[in-house]
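Right, one structure below, let's go through it.
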Amino acid sequence: MAHSSATAQGVFPVSITVEFTGGLELLFGNERKHKVILPAQLEDGSRPNISYLLKYLVNNLMKDQRTDMFIMEDNVRPGILVLINDADWELEGEETYELQQGDNIVFVSTLHGG
Amino acid sequence: MGSLEETCASLRAQITATEEQLAGLKRDLANAEQAAQSDSATTTTAGNEHNDRNGHGRRWPLLQEEYKRYGRQMIVSQVGLKGQLKLRSARILLVGAGGLGCPAAQYLAGAGVGTIGLIDGDTVEVSNLHRQVLHRTKNVGKYKVDSAIESLRELNPHPTYIAHRTHLMPDEALAIFQNYDLILDCTDNPATRYLISDTAVLTGKPLVSASALRTEGQLMVLNDPPRAPGDKSGGPCYRCVFPRPPPADSVVSCADGGILGPVVGTMGVLQALEAIKVITAPDADVAGGAASTPRNPPALHVFSAYSSPLVRTIRLRSRRANCAVCSAEATVTLDTIKSGSTDYVFFCGSAILPSLLGPEERISAREYYEKYPGVSAVSQPHTVIDVRDKGQFEICSLENSLNIPISDILASGLTKPQAADAEQEAPTLPSWLPSELVSESSNPIYVVCRLGNDSQIVVKKMKELGLDQNGQRFIGDIRGGLRSWKEQVDSEWPEY
Numbered sequence: 001m002a003h004s005s006a007t008a009q010g011v012f013p014v015s016i017t018v019e020f021t022g023g024l025e026l027l028f029g030n031e032r033k034h035k036v037i038l039p040a041q042l043e044d045g046s047r048p049n050i051s052y053l054l055k056y057l058v059n060n061l062m063k064d065q066r067t068d069m070f071i072m073e074d075n076v077r078p079g080i081l082v083l084i085n086d087a088d089w090e091l092e093g094e095e096t097y098e099l100q101q102g103d104n105i106v107f108v109s110t111l112h113g114g
Numbered sequence: 001m002g003s004l005e006e007t008c009a010s011l012r013a014q015i016t017a018t019e020e021q022l023a024g025l026k027r028d029l030a031n032a033e034q035a036a037q038s039d040s041a042t043t044t045t046a047g048n049e050h051n052d053r054n055g056h057g058r059r060w061p062l063l064q065e066e067y068k069r070y071g072r073q074m075i076v077s078q079v080g081l082k083g084q085l086k087l088r089s090a091r092i093l094l095v096g097a098g099g100l101g102c103p104a105a106q107y108l109a110g111a112g113v114g115t116i117g118l119i120d121g122d123t124v125e126v127s128n129l130h131r132q133v134l135h136r137t138k139n140v141g142k143y144k145v146d147s148a149i150e151s152l153r154e155l156n157p158h159p160t161y162i163a164h165r166t167h168l169m170p171d172e173a174l175a176i177f178q179n180y181d182l183i184l185d186c187t188d189n190p191a192t193r194y195l196i197s198d199t200a201v202l203t204g205k206p207l208v209s210a211s212a213l214r215t216e217g218q219l220m221v222l223n224d225p226p227r228a229p230g231d232k233s234g235g236p237c238y239r240c241v242f243p244r245p246p247p248a249d250s251v252v253s254c255a256d257g258g259i260l261g262p263v264v265g266t267m268g269v270l271q272a273l274e275a276i277k278v279i280t281a282p283d284a285d286v287a288g289g290a291a292s293t294p295r296n297p298p299a300l301h302v303f304s305a306y307s308s309p310l311v312r313t314i315r316l317r318s319r320r321a322n323c324a325v326c327s328a329e330a331t332v333t334l335d336t337i338k339s340g341s342t343d344y345v346f347f348c349g350s351a352i353l354p355s356l357l358g359p360e361e362r363i364s365a366r367e368y369y370e371k372y373p374g375v376s377a378v379s380q381p382h383t384v385i386d387v388r389d390k391g392q393f394e395i396c397s398l399e400n401s402l403n404i405p406i407s408d409i410l411a412s413g414l415t416k417p418q419a420a421d422a423e424q425e426a427p428t429l430p431s432w433l434p435s436e437l438v439s440e441s442s443n444p445i446y447v448v449c450r451l452g453n454d455s456q457i458v459v460k461k462m463k464e465l466g467l468d469q470n471g472q473r474f475i476g477d478i479r480g481g482l483r484s485w486k487e488q489v490d491s492e493w494p495e496y
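Quick note, the sequences are listed as chains X and V, same order.
Under UniProt numbering, the first sequence has 6 at position 6, and the numbering climbs by one with no breaks.
Under UniProt numbering, the second sequence has 241 at position 241, and the numbering climbs by one with no breaks.
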């Protein structure tokens, strides 16, 4: 299909869904679900990956200034799981995973109450 | 006054009566525990016990009453008589007898699990009752495990119930876990969660772990199948999923964040369900049954009361190749746990706030009240800022107090005026700050919160913003917050 080949060549911006749960939504204006559009190609020619997405979210979507509640040492802070299309990101290559059109990325903060 | 004295007398009488009841129950329990111990010492399972007791003439493995009691679940094909007998010989330990442990224990007892152990060092509080469904109003003040077992006995007298009236400690965990087949993590803090997972792995017990806060819950079945450390075919453990604990200040408790009863109840019920599934699963080592029934791949179930779908399931990784407890490179062992060299409290840190303010920056609730008796904000102008969240402020607030939630204040970060901009009269002030506070004279500002921790943070922040006009204006907090207000000033203040 013309559409998918164009996508593969990085012509169209990458449109994805980002969700926050487990209290993380409080850092993002109390909105759980966000539509995010990333450039098809970055300045260095690479495609946007999770690492890029983390920076993008902190710079563009995060309402709370306490970035260390979300990011520590350039990665998600301990106690947050990253899910790529409902699978633990460790099954998908973690922060190097290149985002695909329509991907669903979920950030889950662990709960401890009981 | 007369009616107050009557109330006191009545309460005293109730306490005496309850204490007598408690003493009686403790005697009963001691006897039952003794019986249970001699039971497990001879490794007699509950299932055999019935046979032994009834001799060779017995034709049926269950009591007449048990067929009736468990019939509805036995005719479900996944359980059957085989599953029921497995349940009866199963020994399940629930760590925590609160919002998760109560509903989980209730369903496990109802299902006829032979031995149910409960471990919890807490006593029942009124604020538990909306969700901890085994505890009754009359049992406030009693050990949660005793209160829970009292309810469970009324529900089903057949199981053996074992009470551990203590918080799970590293030096005892091994000895306790060894007496059980399956563990349920129904606790409320990261340090205990790591201790439970580590001990479950090292004693070879599957673990059903759940948690809940506000409107959400999470559930995982870990170490299933429970293989030895280094065996990659075992299920992942808590450390595989969360190798590093969250920063202590990011951990929110139900007391601080709130919790809906049915949310945590749902998670506890799901724990019971997963436990029943693990116990009644077809035997892996039975010929023909082994490979044909693959277990569910490891998953995290996330429940969210205000989302649709209500539950989403996430595929989890398998065992981590360098996991500190379940891999071949394990550094956590039974010895390091028992000796304390694996230090859970240190590992998870603690968020106990140091006292941020000096005594001259704090005022007791009584002192404040004496200084400003009645509503005299006009005659003696001052500002009271209440930094609790909006919902809490709406429950109760001091007259004429101003609500600025600490979450708004922290979210705006440290927007302190830069030294370079100091010459400018109006540095950019954060949006949460009402303009009248900035422009107003040197009227004092008092910050108050629920317990007197957040208020200190906010006082510090306001001083960093220069609101104290270099010491010209008093900014301080009410020590001990609204809890002290109730204790020292207004006994009718609603404490929630």
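Heads up, the beta-carbon is just placed ideally off N, CA and C, and yes, glycines get one too.
Asked: F107 of chain X to Q14 of chain V span [Cα, whole Å]; Found: 50 Å
Asked: Three-state secondary structure (DSSP) of V108 of chain X; Found: strand
Asked: Assumed close pair L53 of chain X, L38 of chain X - CB separation to whole angstroms, cut-off 8 Å; Found: 7 Å
Asked: Within the stretch 231-274 of chain V, ranges of the alpha helix (DSSP H) (whole runs, at least 4 residues); Found: 238-241 and 254-257
Asked: Local Cβ density within 10 Å of R12 of chain V, reported as buried at 16 or more and exposed below that; Found: exposed
Asked: Separation of Y496 of chain V from D78 of chain V, as counted between CA atoms; Found: Reading off the sequence, residue 78 of chain V comes out as Gln, not Asp. In a straight line, the C-alpha of Q78 of chain V is about 44 Å away from that of Y496 of chain V.
Asked: Bridge partner(s) assigned by DSSP for N179 of chain V; Found: BP columns for N179 of chain V are empty, so no partner.
Asked: Minimum Cβ-Cβ distance from Q65 of chain X to chain V less than 8 Å; Found: yes
Asked: Those runs of the beta strand (DSSP E) which lie wholly inside the stretch 69-124 of chain V and span at least 3 residues; Found: 91-95 and 115-119
Asked: Cβ pair count under 8 Å reaching 3, the stretch 192-200 of chain V against the stretch 80-90 of chain X; Found: no
Asked: CB contact flag (L99 of chain X, N59 of chain X, <8 Å); Found: no
Asked: Identified DSSP bridge partners for A210 of chain V; Found: V:L219
Asked: Reference A299 of chain V, options V:Y180, V:C237, V:V113 and V:E65, closest by Cα; Found: V:C237
Asked: Whole-angstrom distance between A148 of chain V and C102 of chain V, CA atom to CA atom; Found: 7 Å
Asked: G235 of chain V at chain X interface by Cβ criterion, 8 Å; Found: no
Asked: Below-8 Å beta-carbon distance, Q14 of chain V vs any chain X residue; Found: no
Asked: Per DSSP, cross-strand counterpart(s) of D386 of chain V; Found: V:N403 and V:V448
Asked: Where the alpha helix (DSSP H) containing K338 of chain V begins and where it ends; Found: L334 to S339
Asked: Under 7 Å by beta carbon: chain V residues contacting L91 of chain X; Found: R315 and R317
Asked: Sequence-distant residues of the same chain with beta carbon closer than 7 Å to S442 of chain V, five excluded per side; Found: Q469, Q472 and R473
Asked: Residue from V:E65, V:S318 and V:L310 whose Cα sits closest to the Cα of D224 of chain V; Found: V:S318
Asked: Through-space distance from R69 of chain V to L334 of chain V, alpha-carbon basis; Found: 40 Å
Asked: A422 of chain V to E361 of chain V span [Cα, whole Å]; Found: Note that A422 of chain V has pLDDT 45, beneath the 50 cutoff, so the model's placement of it is unreliable and no number is given.
Asked: Interface residues of the stretch 29-60 of chain X facing chain A [CB-CB below 8 Å]; Found: Among the protein chains in the structure shown, which are X and V, there is no chain A.
Asked: Where K35 of chain X sits in the DSSP three-state scheme; Found: strand
Asked: V278 of chain V versus A111 of chain V - alpha carbon distance; Found: 14 Å
Asked: Identified DSSP bridge partners for A476 of chain V; Found: What sits at residue 476 of chain V in the sequence shown is Gly, not Ala. Answer by DSSP bridge pairing, in chain order: V:Y446.
Asked: Nearest neighbour of I478 of chain V, chosen from V:I404, V:L465, V:T137 and V:E367 [CA to CA]; Found: V:E367
Asked: Other residues of its chain near V18 of chain X: CB distance less than 6 Å, five sequence neighbours each side excluded; Found: H34, V36 and I105
Asked: Q106 of chain V at chain X interface by Cβ criterion, 8 Å; Found: no
Asked: Among V:W60, V:I337, V:P282 and V:L22, nearest to K144 of chain V - alpha-carbon criterion; Found: V:L22
Asked: Beta-carbon neighbours of D86 of chain X, restricted to chain V and to distances below 8 Å; Found: R312, T313, I314 and R315
Asked: Any beta strand (DSSP E) of 3 or more consecutive residues that is wholly inside the stretch 121-170 of chain V; Found: 160-164
Asked: Chain V contact for P13 of chain X (CB, 8 Å cutoff); Found: no
Asked: Classification of C8 of chain V by the beta-carbon crowding that lies within 10 angstroms, buried from 16 upward; Found: exposed
Asked: Assigned exposure category for S308 of chain V - 16 Cβ within 10 Å defines buried; Found: exposed
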